[in-house]
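In what follows, a single structure is set out as structure tokens and then discussed.
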Amino acid sequence: MDARTDSASSPQNASARPLIAHDELRTILSNLSHELCRPLISLRAGFDLILGSAAKPISNDQRGHVQAMVVLCDDLLRLTRSYLDYAGLVQGTRPLCYGSFTIGALIREIDRQFAQDATSRKVSWESVMEGADATVSTDASRCQQIFGNLVANALKYTPPGGQVRLAARHEGETWTVVVTDSGPGIPADAISKVFEPFYRLSREEHSSVEGSGLGLAICREMVDQLGGEISISSTVGQGTRVTVRFPVAQPTHGSLASQRN
């Protein structure tokens with residue numbers, strides 16, 4: 001046998017094989033998500049028809065099975081839509097939509113969305129505006145998704161009896177939002193990797209907490225597009241702190257380009 005052929009096909013050389021390029025992966029994610037969403041939406045509508053049909057009622061056992069399938073279907077829809085969101089963000093198919101908003105209003109919307117969830121999880125929740133409020137130029141939809149992802153992540157990993165806090169403040173030409181939790185924390189050697197697409201901590205792989213591995217990658221992409229910065233500090237066993245800083249004024253195209261280079 002040719003030595004070169006044997007070497008190329010050996011398992012120890014598998015890591016040297018080229019991986020899928022990022023652009024190709026994004027295209028695959030986008031196409032796959034579109035193809036999956038259509039049948040899942042149809043399937044979800046079918047379940048609703050079964051559960052709501054008065055002409056052909058189903059037994060309690062059957063209803064329980066259908067409701068379980070509804071939950072699974074919703075989970076799959078959220079997963080595929082997260083892939084679609086990420087692909088759309090990095091491909092630039094979701095343009096920014098700037099407007100004027102007060103920081104307090106943006107934070108109150110997050111409080112409205114998550115206060116009840118925190119209570120149901122028996123997690124202490126606090127949402128505060130530190131100092132005077134201010135009007136900023138930003139994309140409110142992007143901000144809601146960023147802060148929502150961070151708070152949802154914090155609640156997901158904080159055990160009952162723990163704490164999650166969202167704090168915002170105006171600092172001259174910037175404004176900052178900080179999400180802190182008392183969860184398990186992140187190992188120091190993993191902090192630089194958590195923003196990578198599909199990266200999962202080993203503790204997550206053996207837990208019952210599920211996710212797409214894209215939440216923080218999506219946050220970083222959106223923060224970058226808004227001309228901001230995002231950082232994480234964490235101590236294992238003590239919790240995690242995520243800080244997001246944005247410019248008060250809408251950044252120019254030039255400043256955005258310089259940040260990306």
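Residues 1 to 261, numbered by this note's numbering, are exactly what the sequence shown covers, in order.
No residue lacks a Cβ here, since even glycine has one placed at the ideal position from N, Cα and C.
Under the three-state DSSP convention, the category L36 falls into
helix
Tell me the rounded alpha-carbon separation between G239 and I230.
17 angstroms
Would you identify the three-state DSSP class for A68, choosing helix, strand or coil?
helix
Please classify E196: does DSSP put it in a helix, a strand, or coil?
coil
Using only CA atoms, which one of K122, T138, A54 lies nearest to V248?
T138
I need the boundaries of the alpha helix (DSSP H) containing L216, first residue and last residue.
215 to 225
I need the straight-line Cα distance from L214 to C37, nearest angstrom please.
17 angstroms
Enclosing beta strand (DSSP E) for E109 [first to last residue]
Counting along the chain, E109 falls outside any beta strand (DSSP E), though it belongs to the alpha helix (DSSP H) covering 103 to 120.
Is the number of C-beta pairs between the region 142 to 159 and the region 99 to 110 that are closer than 8 angstroms three or more?
yes
Using the Cβ count rule (16 or more neighbours within 10 Å means buried), how would you classify S207?
Low confidence applies here, because S207 scores a pLDDT of 48, under 50, leaving its location unreliable; read the following figure in that light. Burial call: exposed.
Given a cut-off of 8 angstroms on the beta-carbon distance, is the pair T243 and T176 in contact?
yes
Short check: CB of D189 to CB of V164, under 8 angstroms?
no
Among L43, H65, I50, which has the Cα closest to the Cα of L77?
L43
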